[in-house]
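Numbering-wise (our numbering), the sequence shown opens with residue -8 and increments by one.
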Amino acid sequence: MPTDYATPSSNLVNVSFWFVAIILLIILLVVFYYILAKTLKKGPKSKEVKMVKKYYLDRNLYVGVLKVFKEYYIILATSNSSEIIRKLEEDEVQEIMNEHPKFLETFSNILKKDKNSRGREEEKSEK
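Here it is as structure tokens:
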């Protein structure tokens, strides 16, 4: 006379099968997540669109020279948005590319002047 009850050994095999299947699924999902995270973090590489130069004004704000196909643009970008300021001519692009040290020198001089003016203001306020 057959019974419809599950035997303890078949129940144990069934539970252990599902336990192993769930663990393998979790491992597969974690591996898939890391693969996607690495590929999406780098972003798609494109020769047609490229950021040529970046000049940071703040932690989340920079002015950059963007190359789109054979045209160059100056853009202002933040962490939330970006805006094209104007289109550059080829000679302006060459001038910007050759002035890398000059820009850094100018920017550092501005910072030094600002620091010196703050020091003078503090001296005046102490007197």
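Cβ atoms here follow ideal geometry from the backbone N, Cα and C, with glycine treated the same way.
Length of the line joining the Cα atoms of residue i and residue j
i	j	result
Glu74	Leu67	5 Å
Ile76	Asp49	18 Å
Val36	Val6	Just to set this straight, residue 36 is Lys in the shown sequence, not Val. Near 47 Å, if we compare the C-alpha coordinates of Val6 and Lys36.
Tyr24	Ile17	10 Å
Range of the contiguous beta strand (DSSP E) that encloses residue i
i	result
Glu74	73 to 79
Simplified DSSP state of residue i, which is helix, strand or coil
i	result
Lys36	coil
Lys44	strand
Lys58	strand
Cross-strand partners of residue i (DSSP beta bridge)
i	result
Leu52	Asp49, Thr69
Tyr64	Leu57, Lys78
For the structure I just gave you, are there three or more beta carbon pairs, one from the stretch 42 to 59 and one from the stretch 20 to 33, closer than 8 Å? no
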